[in-house]
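Peer 1:
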Amino acid sequence: MNTLKMIDHINSGELDAKFAYIYGEGAVSHQKQRYIGAIKEFEALYGEREISLFSVAGRSELSGNHTDHNRGCVVAASIDLDIIAVAAKRDDSVIRIKSEGFPEDEVDFNAYSAPVSEKFGTSESIIAGMCAGFLKNNHKIGGFDAYTTSNVLKGSGLSSSAAFEDMVGNILSHFYNDGGVDNVEIAMLAQYSENVFFGKPCGLMDQVACAVGGIVAIDFEKPDAPVIEKLDFDLSAKGYNLCIVNTGGNHADLTDDYASVPKEMKAVAAHFGKEVLREVCSCELMREIPVLREKVGDRAILRALHFMNENERVKAQTAALKAGDLDAFFSEVLASGRSSFCYLQNVYTTKNLTEQGLSLALCLAENTLAGKKAAWRVHGGGFAGTTQAFVPTTEVENYRKVMDSVFGEGKCIVLRIRPVGAVKVF
Numbered sequence: 008m009n010t011l012k013m014i015d016h017i018n019s020g021e022l023d024a025k026f027a028y029i030y031g032e033g034a035v036s037h038q039k040q041r042y043i044g045a046i047k048e049f050e051a052l053y054g055e056r057e058i059s060l061f062s063v064a065g066r067s068e069l070s071g072n073h074t075d076h077n078r079g080c081v082v083a084a085s086i087d088l089d090i091i092a093v094a095a096k097r098d099d100s101v102i103r104i105k106s107e108g109f110p111e112d113e114v115d116f117n118a119y120s121a122p123v124s125e126k127f128g129t130s131e132s133i134i135a136g137m138c139a140g141f142l143k144n145n146h147k148i149g150g151f152d153a154y155t156t157s158n159v160l161k162g163s164g165l166s167s168s169a170a171f172e173d174m175v176g177n178i179l180s181h182f183y184n185d186g187g188v189d190n191v192e193i194a195m196l197a198q199y200s201e202n203v204f205f206g207k208p209c210g211l212m213d214q215v216a217c218a219v220g221g222i223v224a225i226d227f228e229k230p231d232a233p234v235i236e237k238l239d240f241d242l243s244a245k246g247y248n249l250c251i252v253n254t255g256g257n258h259a260d261l262t263d264d265y266a267s268v269p270k271e272m273k274a275v276a277a278h279f280g281k282e283v284l285r286e287v288c289s290c291e292l293m294r295e296i297p298v299l300r301e302k303v304g305d306r307a308i309l310r311a312l313h314f315m316n317e318n319e320r321v322k323a324q325t326a327a328l329k330a331g332d333l334d335a336f337f338s339e340v341l342a343s344g345r346s347s348f349c350y351l352q353n354v355y356t357t358k359n360l361t362e363q364g365l366s367l368a369l370c371l372a373e374n375t376l377a378g379k380k381a382a383w384r385v386h387g388g389g390f391a392g393t394t395q396a397f398v399p400t401t402e403v404e405n406y407r408k409v410m411d412s413v414f415g416e417g418k419c420i421v422l423r424i425r426p427v428g429a430v431k432v433f
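Next comes the structure, spelled out in structure tokens:
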């Protein structure tokens, strides 16, 4: 369907049911205008073309902080903030993507088929890496033009980068593989792209949560075949909202901080002749602490202990969600937050000790929600960005007011968990 007909199609209400399913009934009108606006931007850039519409969710980690990269367990959820794309096929080897607010990326995948260190950290490298990953796994690729717009804020801990990676894979899957590359594989190729072409070590949780959708428990013990279990749990029906506070910190200069976490955890694992901590017994770790202090330092040990305990917390939280036991779930959320602050040490960066937005937000959450049945913790990779809180619906406006007064209007984001991750909308 071309751009003009697609706009008429949306205006006539033909996609209302699809929008309601993805975003909720109350968001249909806004999403119609959002998609129409994106189509008009695409047409202004690339002309009146035959187009398709795509969406990839942002994600919120509900359980498990820095466990995935050492083959641990997590619980995560897709959210109703997303990246959408209007895209059209090309008949050559060029991919052009214009993301709102950023310069256009143009990649000829025939000329950019291997990692280039000078391109590390760029969106061009992500596009090239996804193409290389598709070819590596014997899938087809081809050129396309796309315009994207996202309300998954960069540096928000809601995984804007993973959503972008998954979006490239989502488009390649539907345009050139009849939608046959499943979302778990797309997520794994996104991790490959980020690790090898983008030059950033990361786990797989963000990409899987953005791609798969709903609330999912993920066990990464076998990274080539993660065990993914959808959890039937409705937070809204329990009278709670998931609130994310964007403290305004930026992740741009924190690659070294993020990289130090898996690096130190794996250094501990290497002492036992293992690749990752999932392969190490906690009793072995406890026994070897005196030797490890000299070999890898105290912080690495603390982070390893966090991993061991956090992995058990995830299992307990998964069981609690299955049972609908919020008391047990919230207890482990709070324990995860304490462990992340004290032992994982990813709540602020030592590069700038005067800026501790996450610490402040966590303190305010504790003060505001004291005595209430609620829970809060650092969200995502940490060091800057966002906190997470499970807030009774009756307390949301007061919580939002407190957080917005400190961090700025609109910085407290009230989220809905959406049922799908990476999809072709039309």
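Numbered continuously in the working numbering, the sequence shown closes out at residue 433.
Backbone N, C-alpha and C define an ideal beta-carbon position, used for all residues, glycine too.
What are the start and end residues of the alpha helix (DSSP H) that includes P297?
Peer 2: Taking the first residue of the sequence shown as position 1, residue 297 is located at position 290. Counting along the chain, the alpha helix (DSSP H) containing P297 begins and ends at 289-302.
Peer 1: CA-CA distance, A218 and D226?
Peer 2: For this step, residue 218 is matched to residue 211 along the sequence shown. For this step, residue 226 is matched to residue 219 along the sequence shown. Straight-line Cα distance between these residues: approximately 16 Å.
Peer 1: Under 8 Å: do the region 194-201 and the region 47-58 share three or more Cβ pairs, one atom per stretch?
Peer 2: Contact fails: fewer than three Cβ-Cβ distances are below 8 Å.
Peer 1: If I measure Cβ to Cβ from N405 and keep anything under 8 Å in the same chain, skipping five residues before and after, which residues do I get?
Peer 2: Reading the sequence shown from its first residue, position 398 is the one you call residue 405. Once the five neighbours on either side are set aside, the close Cβ partners of N405 are T375.
Peer 1: Assign D75 to one of two classes, buried (16 or more other C-beta atoms within 10 Å of its C-beta) or exposed (fewer than that).
Peer 2: Numbered from its first residue, the sequence shown carries residue 75 at position 68. The residue in question, D75, is buried, as its Cβ has 16 or more Cβ neighbours within 10 Å.
Peer 1: Enumerated in chain order, which unbroken segments of the beta strand (DSSP E) with a length of 3 residues or greater are wholly contained in the region 76-123?
Peer 2: Runs of the beta strand (DSSP E) inside the region 76-123: 80-96, 101-106, 112-115.
Peer 1: According to the neighbour-count rule (16 or more other Cβ atoms, all chains shown, within 10 Å of its Cβ), is D241 buried or exposed?
Peer 2: Taking the sequence shown and counting its residues from 1, one reaches residue 241 at position 234. D241 comes out exposed.
Peer 1: I'd like to know whether the C-beta atoms of I148 and L179 end up nearer to each other than 8 Å.
Peer 2: For the purposes of this step, residue 148 is identified with residue 141 of the sequence shown, where counting begins at 1. For the purposes of this step, residue 179 is identified with residue 172 of the sequence shown, where counting begins at 1. Their beta carbons are under 8 Å apart, which means I148 touches L179 by this criterion.
Peer 1: For G378, which option in D152, R310, V398 has the closest C-alpha, if you only look at C-alpha atoms?
Peer 2: Taking the sequence shown and counting its residues from 1, the one referred to as residue 378 is at position 371. Of the listed residues, the one whose Cα sits closest to G378 is V398.
Peer 1: According to the neighbour-count rule (16 or more other Cβ atoms, all chains shown, within 10 Å of its Cβ), is E236 buried or exposed?
Peer 2: What you label residue 236 is simply residue 229 of the sequence shown in a count that begins at 1. By the 10 Å Cβ count, E236 comes out exposed.
Peer 1: Out of curiosity, what's the CA-to-CA distance linking V421 and L369?
Peer 2: Taking the first residue of the sequence shown as 1, we reach residue 421 at position 414. Taking the first residue of the sequence shown as 1, we reach residue 369 at position 362. If I take the Cα positions, the gap works out to 16 Å.
Peer 1: So V252 is in the beta strand (DSSP E); what residue range does that whole segment cover?
Peer 2: Within the sequence shown, residue 252 is the residue found at index 245, counting from 1. Residues 247-253.
Peer 1: Output needed for R41: all residues of its chain with C-beta closer than 8 Å, excluding positions within five of it in sequence on either side, in chain order.
Peer 2: If you number the sequence shown from 1, residue 41 lands on position 34. Here the set comprises I91, T156.
Peer 1: Is it right to say S269 is buried, meaning 16 or more other beta carbons lie within 10 angstroms of its own, or is it exposed?
Peer 2: Looking up residue 269 in the sequence shown gives position 262. Here residue 269 is Pro; the residue named in the question, Ser, does not match the sequence. Flag for P269 reads buried.
Peer 1: Quick one: what does DSSP say D152 is sitting in, helix, strand or coil?
Peer 2: One-based indexing of the sequence shown puts residue 152 at position 145. If DSSP states are grouped into helix, strand and coil, D152 belongs with the strands.
Peer 1: For N419, report the span of its beta strand (DSSP E) as first-last.
Peer 2: Here residue 419 is taken as the residue at index 412 of the sequence shown, counted from 1. In the sequence on display, residue 419 carries Cys and not Asn. From DSSP, the beta strand (DSSP E) with C419 extends over 419-422.
Peer 1: Please state the DSSP three-state secondary structure of S267.
Peer 2: Numbered from 1 along the sequence shown, position 260 holds the residue referred to as residue 267. If DSSP states are grouped into helix, strand and coil, S267 belongs with the helices.
Peer 1: Since D213 and R66 should fall inside the 8 Å C-beta cutoff, what is the C-beta to C-beta distance between them, to a whole number of angstroms?
Peer 2: Residue numbering aside, residue 213 sits at position 206 when the sequence shown is read from its first letter. Residue numbering aside, residue 66 sits at position 59 when the sequence shown is read from its first letter. The Cβ separation is near 6 Å, so the contact holds.
Peer 1: For M8, is the classification buried or exposed, using 16 other Cβ atoms within 10 angstroms of its Cβ as the cut-off for buried?
Peer 2: Position 1 of the sequence shown, counted from the first residue, corresponds to residue 8. With fewer than 16 other Cβ atoms within 10 Å, it is exposed.
Peer 1: Cα separation between G304 and R425?
Peer 2: Position 297 of the sequence shown holds residue 304. Position 418 of the sequence shown holds residue 425. Their backbone Cα atoms lie some 42 Å apart in a straight line.
Peer 1: According to the Cβ coordinates, are S343 and R384 closer than 8 Å?
Peer 2: Here residue 343 corresponds to residue number 336 of the sequence shown, with the count starting at 1. Here residue 384 corresponds to residue number 377 of the sequence shown, with the count starting at 1. Yes, they are a contact pair.
Peer 1: By DSSP's criteria, S157 is part of a beta bridge. Which residues make up the other side?
Peer 2: What you label residue 157 is simply residue 150 of the sequence shown in a count that begins at 1. I90.
Peer 1: Considering only the alpha carbon of each residue, which of I86, E32, A266, F414 lies closest to G389?
Peer 2: By one-based count along the sequence shown, residue 389 stands at place 382. The candidate whose alpha carbon is nearest that of G389 is A266.
Peer 1: Tell me the DSSP secondary structure of L395 in three-state form.
Peer 2: Within the sequence shown, numbered from 1, the residue matching residue 395 stands at position 388. Reading off the sequence shown, one finds Gln at residue 395, where the question assumed Leu. In the structure shown, Q395 sits in a strand (DSSP, three-state: E or B).
Peer 1: What's the call for I104, buried or exposed, on a 16-neighbour Cβ count within 10 Å?
Peer 2: As a position in the sequence shown, residue 104 is number 97, starting the count at 1. Looking at its Cβ environment, which holds 16 or more other Cβ atoms inside 10 Å, I104 is buried.
Peer 1: Just tell me which of E113, L341, F109, A84 has its CA closest to the CA of R97.
Peer 2: On the sequence shown, position 90 is the one that residue 97 refers to. Minimum Cα distance to R97 is reached at E113.
Peer 1: Report the CB separation of F314 from A382 in whole angstroms; it is logged as a contact under 8 Å.
Peer 2: Within the sequence shown, the letter at position 307 stands for residue 314. Within the sequence shown, the letter at position 375 stands for residue 382. The Cβ separation is near 21 Å, so there is no contact.
Peer 1: Helix, strand or coil: which one does DSSP assign to I58?
Peer 2: The residue you call residue 58 lines up with position 51 of the sequence shown. The answer is coil: DSSP assigns I58 none of H, G, I, E or B.
Peer 1: Is DSSP giving K431 helix, strand or coil here?
Peer 2: Within the sequence shown, the letter at position 424 stands for residue 431. In this structure, K431 counts as strand in the three-state DSSP scheme.
Peer 1: Please list the terminal residues of the continuous beta strand (DSSP E) segment that includes A382.
Peer 2: On the sequence shown, position 375 is the one that residue 382 refers to. Residues 382-385.
Peer 1: Is it buried or exposed, G54, if we count other Cβ atoms within 10 angstroms and call 16 or more buried?
Peer 2: Mapped onto the sequence shown, residue 54 falls at position 47. So G54 counts as exposed.
Peer 1: Looking at C-alpha atoms only, which residue of H146, A95, L312 is the closest neighbour of H73?
Peer 2: Numbered from 1 along the sequence shown, position 66 holds the residue referred to as residue 73. Ranking the options by Cα distance to H73, first place goes to L312.
Peer 1: Compare the beta carbon distance of A429 and D173 with 8 Å and say whether it is the shorter of the two.
Peer 2: Translated into positions along the sequence shown, residue 429 becomes position 422. Translated into positions along the sequence shown, residue 173 becomes position 166. Going by C-beta atoms, A429 is nearer than 8 Å to D173.
Peer 1: Roughly how many angstroms lie between the CA atoms of L365 and C209, to the nearest whole one?
Peer 2: Within the sequence shown, numbered from 1, the residue matching residue 365 stands at position 358. Within the sequence shown, numbered from 1, the residue matching residue 209 stands at position 202. Their backbone Cα atoms lie some 21 Å apart in a straight line.
Peer 1: Between which two residues does the beta strand (DSSP E) containing E236 stretch?
Peer 2: For the purposes of this step, residue 236 is taken as residue 229 along the sequence shown, with counting starting at 1. 234-237 is the extent of the beta strand (DSSP E) around E236.
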